[in-house]
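Numbered by the working numbering, the letters in the sequence shown go through residues 4 to 251 in order.
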Amino acid sequence: MSRDLIRALRALGGALLDFGVPPHCSLCKAPLEEHERVVCEGCWSKIQVITGPYCAACGSPSDVPASTCNHCENRTLRFDRARILSPFDETIQGLIHQLKYRGKRSIGQRLGIMLGALLASDGDSGDLDMIVPVPLHPSRKKERGYNQSALVAYAMEARLGIRVRTDLMTRTRRTATQTKLNAEERAKNVAGAFQVTCPESVRGQEILLVDDVLTTGATVNACTQALLDAGAKRVSMAALAHPFSEAR
Ligand SMILES: [Zn+2]
Ligand SMILES: [Zn+2]
């Protein structure tokens, strides 16, 4: 059988499957409405956006505005402050999983618009000169086909009117996955893994780093250090989620 014929039969099979099984929400498995894609509006509405007071350092919800939470008193975060869209619960975890491991780029765009709107409503992003997504190692980016943090950053660019730069910094070392490492091991794992390739564009600039998840802060700390060493004036960060209880 020719390759073209096999391909045509596969496409026909896929079309028949699509016809027989209505598309369902990737998170709650409910059937999707005609206007919905990948995730239903019910699941989108479950995102717990952090709109109230939050820790000045890590962005976790806090009762006391502009103070530092218990976790942050005992750790060194090099960036000025973090703004987090949501606590790392089942909903945001499911969305980020679809974005990172299921190729659903549109989720990154929508989450980026939400994160951009949050920063815009804070009203203190006016001094930012640029948005820099945390770079992936080139080999990992090749595997995935895109940098999920860059998708989020570009959606924020549109909302905030602040330019995204993906050409200033690279990840020079492909680091081991961090999920099973503690805070100290994570810091060691990523130390020196980032390099500023264009210091003249960084010097004197106020930079917002964007990552998908802020965990211990080790990765963003390493990026921040590289940017400060290159002469950046200030570095802050924004992320989609932060598992506050794991951040100790
Ligand atoms: Zn759903
Ligand atoms: Zn904190």
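Just so you know, even glycine gets a beta-carbon here, dropped at the ideal spot from N, CA and C.
Secondary structure of residue i, DSSP reduced to three states
i: Thr79; result: coil
i: Thr2; result: Residue 2 lies beyond the range of the chain shown here (4 to 251); nothing can be said about it.
i: Leu243; result: strand
i: Pro34; result: strand
i: Ala194; result: coil
i: Arg251; result: With a pLDDT of 39 at Arg251, under the threshold of 50, the predicted position of this residue should be treated as unreliable, though the coordinate-derived value follows. Note: Arg251 maps to coil in three-state DSSP.
i: Val223; result: helix
i: Pro202; result: helix
i: Glu39; result: coil
i: Arg237; result: strand
Environment of residue i [buried if 16+ CB atoms lie within 10 Å]
i: Ala250; result: Legend: pLDDT at Ala250 = 45, less than 50; position of this residue unreliable, no value from coordinates given.
i: Asp130; result: exposed
i: Thr38; result: For the record, residue 38 in the displayed sequence is His; it is not Thr. Looking at its Cβ environment, which holds fewer than 16 other Cβ atoms inside 10 Å, His38 is exposed.
i: Tyr104; result: exposed
i: Leu212; result: buried
i: Ala11; result: exposed
i: Pro136; result: buried
i: Ser124; result: exposed
i: Asp214; result: buried
Close beta carbons around residue i, own chain, < 6 angstroms, minus the five adjacent residues each side
i: Ala233; result: Val199, Pro202, Val205
i: Pro25; result: Pro34
i: Cys31; result: Cys46
Span of the alpha helix (DSSP H) around residue i
i: Ala155; result: Correcting the residue identity first, residue 155 is Val in this sequence and not Ala. First-last of the alpha helix (DSSP H) with Val155: 151 to 163.
i: Glu44; result: 44 to 47
Cβ shell of residue i (< 7 angstroms), same chain only, five flanking positions each side left out
i: Gln208; result: Asp132, Met133, Ala235, Lys236
i: Ala196; result: Arg174, Thr175, Arg176, Thr178, Ala225
i: His27; result: Ala33, Pro34, Leu35
i: Ala194; result: Ala225
i: Gln112; result: Leu154, Ala158
Own chain partners of residue i with C-beta closer than 8 angstroms, once the 5 adjacent residues on each side are dropped
i: Met117; result: Ile50, Val52, Leu88
i: His245; result: Cys61, Gly62, Ser63, Ala85, Ile87, Pro90, Phe91, Val216, Leu217, Thr218
i: Val167; result: Met133, Ile134, Val135, Pro136, Ala153, Ala156, Tyr157, Met159, Glu160
Extent of the continuous beta strand (DSSP E) run through residue i
i: Leu88; result: 85 to 90
Checklist entry - Fully enclosed by the stretch 103 to 149, which alpha helix (DSSP H) runs are 4 residues long or longer? => result 108 to 125, 141 to 147
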